[in-house]
Structures are given as structure tokens and as C-alpha cells.
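Asks: Chains as they are written, first to last, in our numbering: chain A, 1 to 311; chain B, 312 to 480.
Handing you a structure now.
Put into C-alpha cells, the structure is as follows:
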């Protein structure tokens, strides 16, 4: 690794790599925009629908659909990869770049967040939580450049929620399958169906909350834009010629709404999703049962050792 | 091209999304967290090393200070010893010198006394001779007769012995 010695920040090579990484951050979005422009059919009026389908491949059970949400997700991933590489380019023990401070800030904040909400045991989860935050926030914010926000597609958030569901289950089973099964019938056996539904409702609610918020923001934005256009036409349509056709009210006002629905709501939902992930996973570990099992296992292995010795 | 419905569930898209999150987790872990944590660990190591170095330097300084103080105390003691020795030697020497001087003075005095005694004896003898001469001449003239000097001397000696006898008595 070249990080041992101080990199020459002003060297031509260093700069060239920097520009390449910055391009890696931006180009994916440009490609997504170009794709969207190329594939979008000409349409009139308000159009509220899901993602644009680029490709449909026949697959077992359901056809594999490569839509805008998938392509934009990959664009976001590439962009985040570029950001990570850019931030960590030229790291040194003595921080010489301002970007290093940002990188350290991100890492330390995520670690602190995870430690505060999940405890010391889950401290290695910081990268996962950081990935959720980054992917969700960047996906939601991608609508600022006119792209379809991947988080507005229920399949995307459902995928994340399914992963979280697996993780929750993984930690719940730590207390033993039998203990978990008994736990479903507590406090009284009648509760069993509700407990079972509760297990599945957690990821479902997480997926739909995120998806619904982003999609509703997009819908409201589209409706507002169209309504403002109509209002503009009725109020200022009397202006002569082409002047009357320009939707004046659509200038500026949707941007203000977008600050709330796209920027604020997008970041908020990313944070909420990450928070719920942390709390649900950390809360899923049955510490007492797990410790009891470990004790038992240790005892058994100890017994095995002693019997092996005597034999 | 067509749009998806607002709500349309597709298993493969869910799987793709799940894999996307895993992929991004791997990317963030490998390219951001690992690198930053490595650098932070390096920094911590460097700081620890600095602290250890400062600690050893402080200990060294403290040791040097103690050594210096000990050396200074030893030097003080040595100098005291030297001064004491020197003063003792000086005292001894001065006593010696004074003694010598006293002795020499006594010698000189004794010598002087002896000299003076000798001188007196000589003077006495001279005087005796003078007196003898004078008296011989006087008596010669007085008696108008010549007596041998030998007889005269004997006469005076007897006379002087008488005087001595008188003095001794």
C-alpha cells in the first residue's frame, strides 16, 4: 500500500486519479438520465406509474425485469463506490486532505450510531448500516436529477426488508429453535397467530413505509406540477402568443416542495429505515437463552474432553 | 417501452435489490471502513509511540537529574574534604613554621647571649691587661724603680684575685 508514505497531493498522477473518481461518482447518473431520455415514450399530461421497463427476460416463476429502479440502483452503487474511493484516496495517518476528515467523520458517526443503538456486540455492523443509509438516501435523492427514485419501487425496499428479516430471524434463532417456537405462544397460546403475523409484519411495514413515503412524495410533486401548470394557464393564458403557453407558476414553486418531499423526506426515510433495522436486529437477540445455551455447550464440550481423557 | 404498475411485486427484482444492498455493504466495508480504520489505527499507534517516547524521555531526564544531583553532592563532599584537608595541612605547616621560627629565634638568642658572654669575658681580659699595663707603668713611675714585668703581673693577679674574692664574698 502506498499509504505508508505521504502521497504527493499535487502530483499529476494523484490529480488524474481524483478526476477519474469524481467522474465515477457523476457518470452513472448521467448514463441513467440518458437511458431514461432515450426510453421515455412521448406522453401528455400527468403520468403516475412505476418504473420504466428497459428489458424483460423470461425467467422461471416470473420474468426478470430490468427496470429503471434496478439500473438507477446500480448507478447509485457505482456512485457510492466512486465516493468511497475518492474519500479514501490519499489517506495518511496525519490527515493532509480535507476529504479524509469527511471520511473519518462518516466512519466514526456510523460507528457511534451503531454502538449507541445496538450495543458493543454489534460494532461490526457499522458498515452495513452505513450502506443502508447511503443506498437509501442516494436512491431517494436521485429524483433530484430527474431520475426515478429506486426507493419508489416496492421491490427495492422489499429486498432490503427481506434481508433485514433474515438477519432478525438469524439472531432470534440464537436462543434455540425450540425456545423461539415456545416464544410464539407467549404470553398465552391464543396469541400465537398474532405473534406469527408480527414476525412478518416488521419487514413488511419497513418496506412499505419507505416505499410509500418516497412514492407519495413523487406523486404529490407530479400532481403539484400539473396543477400549477393548469393554474398558470387559466391565470396567465391571456398573454399573447407563446408567452401564454409558458407555465410560469411551475418555475420555483415545485422546487420548494421538492426540498421537503425529496430531500428531507428521502433522508428521513433512510434514517428511519436504518434505525428500525438496528433496533429490530439488536432487539431480536434473546440474550438470556443464548447465554444459557452457550454455557450448556461449554459444559458439554468440557464433559467430552474429560470423558475423552478418562477413556 | 412500458411502465411498471405503481405496485408490482417481482421476486427477481426483490432478489436483485437484496443483492445490491449486500454488494454495497461489501463496497463500503472494503473501500471506506477498512481503509479509514487502518489509518486511524496507524494514527493511534503513532500517538502511542509518541507518548511512550515522551515517557521514556521524561524518565531519562529524571534519571539524569538524580544523577546530576548525586554528582553534585559528591563533588560538594569532595570539595569539603579537600578544603578540610588543606586547612589541616596549612595549620600543621604553620605550626611547624612557627615552631621552627621560634626555635631559630631561640638559637639566635642563645648565640647572641653566648657571644655577649664571650665578648664580656674578652672585654674583662682586655681590661685586666690594660689595668695591669697602666698600673705597671704607674707603679714604675711611682716607685721610680724598675720591677720586672713578671713580678708586676704576679702582683696584680694576686690583687685581682683578692678583688674577685671580695666580689664572691
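The C-beta atom is built at its ideal place from N, Cα and C for all residues, glycine as well.
These numbers come from a predicted model, not from an experiment.
Tell whether a beta-carbon distance below 8 Å holds between residue 89/A and residue 27/A.
Replies: Not in contact: residue 89/A and residue 27/A (Cβ atoms no closer than 8 Å).
Asks: Are the stretch 219-226 of chain A and the stretch 170-178 of chain A in contact at 8 Å, needing three or more beta carbon pairs?
Replies: Touching, no.
Asks: For residue 181/A and residue 56/A, what's the separation of their Cα atoms in angstroms?
Replies: Distance between the alpha carbons of residue 181/A and residue 56/A: 41 Å.
Asks: Thinking C-beta only, is residue 265/A closer than 8 Å to residue 213/A?
Replies: Yes, Cβ-Cβ distance for residue 213/A and residue 265/A is below 8 Å.
Asks: Assuming residue 93/A and residue 371/B are in contact, meaning their beta carbons sit under 8 Å apart, how far apart are those beta carbons, in whole angstroms?
Replies: The pair is not a contact, with the Cβ atoms about 26 Å apart (cut-off 8 Å).
Asks: Applying the 10 Å Cβ sphere with the 16-neighbour rule, what's the burial state of residue 417/B?
Replies: Exposed: under 16 other Cβ atoms inside 10 Å.
Asks: Compute the Euclidean distance between the alpha carbons of residue 147/A and residue 247/A, then round it to the nearest angstrom.
Replies: The straight-line gap from Cα to Cα measures roughly 22 Å.
Asks: Along the stretch 363-380 of chain B, what residues have a CB closer than 9 Å to any CB found in chain A?
Replies: Within the stretch 363-380 of chain B, no residue has a Cβ that lies closer than 9 Å to any Cβ of chain A.
Asks: 8 Å is my cut-off, CB to CB: does residue 179/A come that close to chain B?
Replies: Chain B contact via Cβ: absent.
Asks: Would you say residue 88/A reaches chain B, if we count a Cβ-Cβ gap shorter than 8 Å as a contact?
Replies: It does; some Cβ of chain B falls within 8 Å.
Asks: Which of helix, strand or coil does DSSP assign to residue 67/A?
Replies: In this structure, residue 67/A counts as strand in the three-state DSSP scheme.
Asks: Could you tell me which residues DSSP pairs with residue 211/A in its beta bridges?
Replies: Paired residues: none, contrary to the question.
Asks: DSSP state of residue 55/A, grouped into three classes?
Replies: Looking at residue 55/A - three-state DSSP - the assignment turns out to be strand.
Asks: Given a limit of 7 Å on CB to CB distance, which residues of the stretch 150-165 of chain A reach chain B?
Replies: Against chain B - using a Cβ distance shorter than 7 Å - the residues of the stretch 150-165 of chain A are 154, 155, 156, 158, 159, 160, 162 and 163.
Asks: Rounded to whole angstroms, what is the Cα-Cα separation between residue 62/A and residue 301/A?
Replies: Answer to the nearest angstrom: the Cα atoms are 48 Å apart.
Asks: Whose C-beta lies closer than 7 Å to the C-beta of residue 115/A among residues of the same chain, with five residues either side of it excluded?
Replies: Cβ neighbours of residue 115/A beyond the five flanking positions: 123.
Asks: Which residues does DSSP pair with residue 314/B in a beta bridge?
Replies: Answer is 52/A, bridged to residue 314/B.
Asks: Let me know if residue 321/A comes out buried or exposed under the rule of 16 or more other beta-carbons within 10 Å of its beta-carbon.
Replies: The structure shown does not extend to residue 321/A, since chain A is modelled only from 1 through 311, so no value can be given for it.
Asks: Measuring straight from C-alpha to C-alpha, what distance separates residue 328/B and residue 268/A?
Replies: Going by the C-alpha atoms only, they are around 20 Å apart.
Asks: Which value, in whole angstroms, describes the spacing of the CA atoms of residue 154/A and residue 204/A?
Replies: The straight-line gap from Cα to Cα measures roughly 10 Å.
Asks: Would you say residue 357/B faces chain A, with C-beta separation under 8 Å as the test?
Replies: So yes, residue 357/B belongs to the interface.
Asks: Look at residue 49/A and residue 334/B and say whether their C-beta atoms are less than 8 Å apart.
Replies: Cβ atoms of residue 49/A and residue 334/B: not closer than 8 Å.
Asks: Listing by chain order, which chain A residues have their CB less than 8 Å from the CB of residue 316/B?
Replies: Ordered by position in chain A, the residues that pass the 8 Å Cβ test against residue 316/B are 49 and 50.
Asks: Taking the alpha carbon of residue 40/A as the point to measure from, which residue in 67/A, 164/A and 24/A has its own alpha carbon closest?
Replies: Comparing Cα-Cα distances from residue 40/A to each of 67/A, 164/A and 24/A, the minimum goes to 67/A.
Asks: First and last residue of the alpha helix (DSSP H) that includes residue 113/A?
Replies: It spans 98-118 - the alpha helix (DSSP H) in which residue 113/A sits, taken as one unbroken run.
Asks: State the DSSP-derived secondary structure class of residue 321/B, mapped to helix, strand or coil.
Replies: Three-state DSSP puts residue 321/B in coil, outside helix and strand.
Asks: Under a CB-based cut-off of 8 Å, is residue 132/A close to chain B?
Replies: Residue 132/A counts as touching chain B.
Asks: For the alpha helix (DSSP H) holding residue 15/A, just list the boundary residues, first then last.
Replies: That run of the alpha helix (DSSP H) goes 12-39.
Asks: What are the boundary residues of the alpha helix (DSSP H) that includes residue 254/A?
Replies: Segment 253-258, the alpha helix (DSSP H) holding residue 254/A.
Asks: At a CB-CB cut-off below 7 Å, which residues of chain B make contact with residue 201/A?
Replies: Per Cβ cutoff of 7 Å: no residues; residue 201/A is ~16 Å from chain B at best.
Asks: Mind pulling the alpha helix (DSSP H) runs of 4 or more residues that sit fully within the stretch 264-310 of chain A?
Replies: 265-284 and 287-310, all fully within the stretch 264-310 of chain A.
Asks: For residue 315/A, which residues of its own chain have a beta-carbon under 8 Å away from its beta-carbon, when the five flanking residues on both sides are left out?
Replies: Given that chain A is displayed from residue 1 to residue 311, the structure contains no residue 315/A and the question cannot be resolved.
Asks: What residues of chain B sit near residue 92/A, judged by a beta carbon separation below 8 Å?
Replies: Simply 350.
Asks: So, are the CB atoms of residue 346/B and residue 91/A less than 8 Å apart?
Replies: It is a contact, given that the beta carbons lie within the stated cut-off.
Asks: Within a Cβ cutoff of 7 Å, which residues of the same chain sit near residue 196/A, ignoring the five residues on either side of it in sequence?
Replies: Hits under 7 Å: 184.
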